[in-house]
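In what follows, a structure is listed as structure tokens, so that the remarks can point back to it.
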Amino acid sequence: MTKQPLFSAMTTDFDADIKNFKEILNELELKTHTKNGYKFSPDAKMAAGWWFFEIYLEQEFVRKIIESGLTSKRKRRDNILKYIEEQLKKRKSKARIRFYDNYPLMRRYWSWLMK
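Residue numbers are given in numbering that gives the first Met the number 0: position 107 of the sequence shown equals residue 106, and the series is strictly consecutive.
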């Protein structure tokens, strides 16, 4: 199966936050008995001190997360995002994450910087 971009992420501490994202997604893989359910975009870009990258997930992995009970039945997609955000906060990460499809053309560089 192919992985589709589901999230866009940004961070000022790329190495630490990639580790945080990997820990969170690995925990989800363990809970859902999934292997290789995610990957990061190979072309992370830096602009104005922020690293921008995408997180790709297998459709089957997302389905298993939804069915696992880790998220409520309502607004499942939003709850996956909230779960990851909560896990980042527990790790004291300053990384931010949004849905991949919620951005204009230049999303990787300007969406958060212009706020």
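For every residue, glycine included, the Cβ atom is placed at its ideal position computed from N, Cα and C.
* By Cβ distance below 8 Å, which residues in the same chain neighbour K114 in space, the five residues on each side in sequence not counted? -> Caution is warranted here: a pLDDT of 48 is assigned to K114, below 50, making its placement in the model unreliable, and no coordinate value can be reported.
* Nearest-angstrom Cβ-Cβ length linking A15 and I96, presumed shorter than 8 Å -> Not confirmed; about 15 Å, so no contact.
* Within 10 angstroms of the Cβ of N19, are there 16 or more other Cβ atoms? Answer buried if so, exposed if not. => buried
* Where does the unbroken alpha helix (DSSP H) through K38 begin, and where does it stop? -> Taken as a continuous stretch (DSSP letters only), K38 belongs to no alpha helix (DSSP H), being part of the beta strand (DSSP E) at Y37 to F39.
* Euclidean distance between Cα positions of K63 and L80 -> 15 Å
* If you drop the 5 nearest sequence neighbours on each side, which residues of the same chain put their C-beta closer than 6 Å to that of S92? -> D16 and N19
* To do: Pull up the distance between the alpha-carbon of Q3 and that of F52, whole angstroms please.
  => 13 Å
* Contact check, Y99 vs L5 under 8 Å by CB: the rounded distance? -> 6 Å
* Three-state secondary structure assigned by DSSP to M105 -> Low per-residue confidence applies at M105: pLDDT is 45, beneath 50, and the placement is therefore not dependable, though the value from the model is reported in the following sentence. It is coil, neither helix nor strand.
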